[in-house]
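Taken in sequence, the protein lines are chains A and B. Reminder that position 6 of the first sequence reads as 6 in this note's numbering, one-by-one numbering, no gaps. Count along the second sequence starting at 1, add 113, and that's the number in this note's numbering. Here's the structure, in structure tokens; my notes come after.
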Amino acid sequence: SQQGEEDPQALSIQEGENATMNCSYKTSINNLQWYRQNSGRGLVHLILIRSNEREKHSGRLRVTLDTSKKSSSLLITASRAADTASYFCATDSFWAGSYQLTFGKGTKLSVIP
Amino acid sequence: DVKVTQSSRYLVKRTGEKVFLECVQDMDHENMFWYRQDPGLGLRLIYFSYDVKMKEKGDIPEGYSVSREKKERFSLILESASTNQTSMYLCASRYGISTDTQYFGPGTRLTVL
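Structure below.
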């Protein structure tokens, strides 16, 4: 199954700075989603961008999608210490009669107060 | 709010034991999923179910089985636990066949000694 690949694997920034994470994938998609995971916890859905969309905003989050390059980016503006977490992109693939999400390995973001 | 609960946050078992991990969702979702998460490997799909009594293998089904007798409950079974099954196990649920938001439980950290 295809898998999104996040870049960088780890990112450390100062509070107030912007954080940018990238995701690349291999085949065509219906949508791409970003999830966040606090240490040792479950994943929480952040934002979904459909294949016919190029940019989407939600609060301090901005997601872009370039289907020609098979890539997406997640921008967190004015970061806070509470944004410290791992961030995963997920792409869909048709499998066993339905669409399934396949997750990348994640970017570990550390925001230093 | 959708709630996905898992029976245990932490579990310690011995090699060869039969282990049951339970997952319950309260939003009448058709689709339910079991993933395992390991450092450097991201989330990998073990099994999923798109209806009661239906199940499909994911990427890594070996050594696992599942049961879905009721729509809200999806159980993961380790028939004979082994040390290489020490991992974080995450359950998720989703409505419908399209890849919209998946809701995750808090995870069960299983240690097999």
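Built from N, CA and C at the ideal position, the CB exists for glycine as well.
{"Check": "With a threshold of 8 angstroms between beta-carbons, can A:Ser1 be considered close to chain B, or not?", "Outcome": "Because A:Ser1 sits at a pLDDT of 46, beneath the cut-off of 50, its placement in the model cannot be relied upon, and the point is left open."}
{"Check": "How long is the line joining the alpha carbons of B:Ser121 and A:Thr84, rounded to whole angstroms?", "Outcome": "25 angstroms"}
{"Check": "Tell me whether A:Glu55 is buried or exposed, calling it buried when 16 or more other Cβ atoms sit within 10 Å of its Cβ.", "Outcome": "exposed"}
{"Check": "Taking B:Gly171 and B:Tyr160 to be in contact with their CB atoms under 8 angstroms, please state how far apart those CB atoms are, rounded to whole angstroms.", "Outcome": "5 angstroms"}
{"Check": "Quick one: using the 10 Å Cβ neighbour count with 16 as the cut-off for buried, is A:Asn31 buried or exposed?", "Outcome": "buried"}
{"Check": "Does the region 67–75 of chain A come into contact with the region 18–27 of chain A, if we say contact requires no fewer than three beta-carbon pairs (one atom in each stretch) closer than 8 angstroms?", "Outcome": "yes"}
{"Check": "Does B:Gln215 come out as helix, strand or coil in the three-state DSSP assignment?", "Outcome": "coil"}
{"Check": "With a threshold of 8 angstroms between beta-carbons, can A:Arg41 be considered close to chain B, or not?", "Outcome": "yes"}
{"Check": "Based on the DSSP output, what are the partners of A:Asn22 in its beta bridges?", "Outcome": "A:Asp7 and A:Ser73"}
{"Check": "Which partner residues does A:Asn31 have in the DSSP bridge list?", "Outcome": "A:Arg50"}
{"Check": "Compare the Cα-Cα distances from B:Val117 to each of B:Glu175, B:Leu226 and B:Pro219 and report the closest residue.", "Outcome": "B:Pro219"}
{"Check": "Going along the chain, which residues of its own chain have a beta-carbon closer than 6 angstroms to the beta-carbon of A:Thr64, five neighbours each way excluded?", "Outcome": "Glu55 and Ser73"}
{"Check": "For the candidate residues A:Lys108, A:Ser110, A:Leu101 and A:Ile112, whose alpha-carbon lies nearest to that of A:Gly4?", "Outcome": "A:Leu101"}
{"Check": "Just how far apart, CA to CA, sit B:Gln119 and B:Arg149?", "Outcome": "13 angstroms"}
{"Check": "Taking Cβ-Cβ distances shorter than 7 angstroms, what residues in chain D pair up with A:Lys56?", "Outcome": "Absent from the structure is chain D; the protein chains it does hold are A and B."}
{"Check": "Quick one: grab the DSSP three-state call for A:Asp92.", "Outcome": "strand"}
{"Check": "For A:Glu55, report the span of its beta strand (DSSP E) as first-last.", "Outcome": "Glu55 to Ser58"}
{"Check": "Between the Cα of B:Phe217 and those of B:Cys204, B:Leu223, B:Tyr208 and B:Leu226, spot the shortest distance and give me the residue it belongs to.", "Outcome": "B:Cys204"}
{"Check": "Could you spell out the range, first to last residue, of the beta strand (DSSP E) harbouring B:Ser193?", "Outcome": "Per DSSP, B:Ser193 belongs to no beta strand (DSSP E) and is neither H nor E."}
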